[in-house]
Amino acid sequence: IMLLRLVAEMFSNVLERKRMDLALRESEKRYRLVAENITDVIWTTDLQANITYMSPSATALVGYAAEELGQLTVENLLTADSLERGMKALAHQQIAIGVTPDRQSDHWTLEVEMRRKDGSTVWAEEKVTFLRDEQGTPVGLLGVTRDISQRKAAENALRLSEEKYRTLVEASPDGV
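Take any residue in the sequence shown, count from 1 to its spot, add 1483: that is its number in our numbering.
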């Protein structure tokens, strides 16, 4: 009877492990489906800003093939000004974490200018947060990048229009 109980318990453990493995595979499949079909770019880096993952949607944003994306660095993708602002924001967040280590939900948003494969640039908004280990220690970054080129173009057109009319009003000899 003891042997039967031991065999039954082992069988039960094997079935439970199989169920857990199946649930994990299903979860990974759903995550991959989202990551591979979203238009925004999902990415991860280590704390030194070395890219560890970039979703396939990055191809549409920056023009590099999936195989090429794996060889790129943050320095390749951002203009010098955007890289500098991004590194300053990261340093600021790391200092803030050092001051208040129990902060778990820190995230920040940056507008950056990205270099495309063809040499042109594209404006993007990046929402960034820390990836953490089991103890809550930051071990990397997780970000979502969205193309905001149309919005930036509209903002620039509005600014130019305002400048044009301001100049017209200021130069007019008649009161307006």
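By construction, the Cβ of each residue, glycine as well, lies at the ideal position given by its N, Cα and C atoms.
The structure displayed is predicted, hence computed values, not measured ones.
Would Lys-1635 and Trp-1606 be called neighbours here (beta carbons separated by less than 8 Å)? Taking 8 Å as the Cβ cut-off, Lys-1635 and Trp-1606 qualify as a contacting pair.
Any idea what DSSP makes of Leu-1530, helix, strand or coil? If DSSP states are grouped into helix, strand and coil, Leu-1530 belongs with coil.
Hey, Glu-1609 and Gly-1623: beta-carbon distance below 8 Å or not? No.
In three-state terms, what does DSSP make of Asp-1564? Residue state, collapsed to three classes: helix.
Among all the DSSP beta bridges, which residues are the ones paired with Met-1485? Beta-bridge pairing links Met-1485 to no other residue.
Grab me the residues of Gly-1569's own chain with a C-beta within less than 7 Å of its C-beta, minus the 5 sequence neighbours each way, in chain order. Scanning its chain for C-beta atoms nearer than 7 Å, with the 5 sequence neighbours on each side dropped, one finds around Gly-1569 the residues Leu-1561, Leu-1593, Val-1595, in chain order.
Starting from Ala-1607 and walking both ways along the beta strand (DSSP E), at which residues does that stretch end? From DSSP, the beta strand (DSSP E) with Ala-1607 extends over 1604–1615.
Check this for me: beta carbons of Thr-1556 and Ile-1534, under 8 Å apart or not? Annotated as proximal: Thr-1556 and Ile-1534, with beta-carbon spacing under 8 Å.
Taking the continuous beta strand (DSSP E) assigned at Leu-1625, which residues delimit it? 1621–1630 is the extent of the beta strand (DSSP E) around Leu-1625.
Which class does Leu-1555 belong to by DSSP, given the choice of helix, strand or coil? Assigned with DSSP and collapsed to three states, Leu-1555 falls in coil, not helix or strand.
Determine the direct distance from the alpha carbon of Leu-1516 to that of Glu-1499, and round the result to whole angstroms. In this model, Glu-1499 and Leu-1516 are separated by some 26 Å (Cα to Cα).
Endpoints, alpha helix (DSSP H) assigned at Thr-1542: First-last of the alpha helix (DSSP H) with Thr-1542: 1541–1545.
Within 10 Å of its beta-carbon, does Leu-1651 have 16 or more other beta-carbons around it, so buried, or fewer, so exposed? An exposed status is given to Leu-1651, since fewer than 16 other beta-carbon atoms sit within 10 Å of its beta-carbon.
DSSP three-state label for Arg-1598, please. In the three-state reduction of the DSSP assignment, Arg-1598 falls in the strand class, which pools E and B.
Distance, Cα to Cα, Thr-1542 vs Ala-1548? Taking the straight line from one Cα to the other gives about 6 Å.
Can you tell which of Leu-1573, Tyr-1648, Thr-1604, Met-1493 has the C-alpha that lies nearest to the C-alpha of Leu-1614? Here the closest residue by C-alpha is Leu-1573.
List the whole-angstrom C-beta distance separating Ile-1580 from Pro-1621, where the pair is believed to meet the contact cut-off of C-beta under 8 Å. With 8 Å as the limit, Ile-1580 and Pro-1621 qualify as a contact, their Cβ atoms being about 6 Å apart.
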